[in-house]
Every structure is written in C-alpha cells, then in structure tokens.
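Numbering (our numbering) for the sequence shown: 13 to 200.
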Amino acid sequence: MRAKALETLLVGKGLVDPAAVDALVDTFSNDIGPQNGARVVARSWCDPDYRARLLADATSAIAELGYSGMQGEHMVAVENSDDVHNVVVCTLCSCYPWPVLGLPPVWYKSPEYRARVVREPRAVIAEFGLELADDVEVRVWDSTAEIRYLVVPQRPAGTDALDEAGLADLVTRDSMIGTGLALSPEAD
Ligand code: FE
C-alpha cells in the first residue's frame, strides 16, 4: 500500500515514468531471481578454481557469470560444510542480494524472522523443515548497509552424474539464504 501510494505521488509529480517502473518490476520478476544464484552455486560445485574465487571475492566471481548491480555491489559467499551451517538475515530491514536472488520473500522482511533467527536460529530453521544436528555450528550473518551474503549450500549426495545445469536445478532460493538445503536428485 505504501509503495503504491509513493509511486502514485512520484508519477503525479512527474518524477517517475510509470513505464520505467513497469520495466524494472518486470526485470526483477522474470529475468533476475534465484536461478542466477543457483548457477553460481552449481559452478562452485563443479569448478574448484571458481569456488576459490567465489570465497575470496564473491562480487567479482558472481560478476564473471554476468550478475552484478544494485544490492550486489559487495557480495560475500559463505559456504556450508559438515560442521557449519550459515543463515542470512537483515535485522535492520530487508537487505538482500538482488542480482543473485531477485526480490526477497515476504517472510525474510517480517519482524519475526529478523528478530528470531538471531536469537534462536536452530528453532527458526527447523520451522522451515530443516533439523540441524546438534554438532553443526550455526552462523547467522546480518546483512549491513553494504554487504550482501550468499550461502553456498553443500552439494547433495548422488549428484556425480549431473552436469552444471542439472545441479543448478537442485539449488533452491531458501538453500542460498540458509533456511533450507539443496534438493536431493531423487526428491527433485
Ligand atoms: Fe536491510
């Protein structure tokens, strides 16, 4: 409602072209989304050199695949392992890596998620259907005004025969936020 009211006001004052707003919304609805991040993750699973570049300088490594721009200027990739599970939040508002994940889901912006995932990450993650083992360390990354995080989920077992495109199909949006895992090939 607030966004609509703002847009009406800005268009009315001649400060914004409604066609430009439509084009932007269309781009973020159709061209930019988790499929971009999924390609980044799948590449890192297949190419050890790319993985190293991604972990060292995610902004550049992501730009190699053609993804850059607003809300992706300072990217950091955090990789899950058998011992560590990463999850991302913006406690202040709703900062989110648009070039690789598109627009944030409603729950990511909710006050409940933003407050609770910091205090009780295991419980929140469990509510998404992911029960983490007690010996897995959970790291919560709070997005800042500058930095946006991308979780690199673990490559699922039984995927040796899959090519990069097949692997990318297993990488969900939630697995790159940390509220889920990559899909198993049999569950796909
Ligand atoms: Fe924010």
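Glycine residues also receive a C-beta, built at the ideal position from the N, C-alpha and C atoms. It should be emphasised that the depicted structure is a prediction, and the values quoted were computed from it without experimental measurement.
How long is the line joining the alpha carbons of residue i and residue j, rounded to whole angstroms?
i, j, result
"F140", "D186", "9 Å"
"V118", "D147", "30 Å"
"S56", "G78", "15 Å"
"Y108", "S155", "8 Å"
"P123", "V23", "30 Å"
"A15", "L66", "35 Å"
Do you know whose CA, among the options, lies nearest residue i's CA?
i, options, result
"D43", "R14, L27, P111 and K16", "P111"
"V163", "T184, A89, E85 and A35", "A89"
"M82", "L113, H97 and P60", "L113"
"I159", "K121, R65, D172 and G84", "G84"
"D59", "V100, I189 and D175", "D175"
What three-state label does DSSP hand residue i in the structure shown?
i, result
"E85", "coil"
"L162", "strand"
"V183", "coil"
"V148", "coil"
"V136", "helix"
"N48", "helix"
Decide if residue i is buried, meaning its Cβ has at least 16 other Cβ atoms within 10 Å, or exposed.
i, result
"A127", "exposed"
"L21", "exposed"
"V96", "exposed"
Please output, in chain order, the residues near ligand 1 using a CB cut-off of less than 6 Å to any non-hydrogen atom of the ligand.
That gives C102, L104, C105, S106, C107 and S155.
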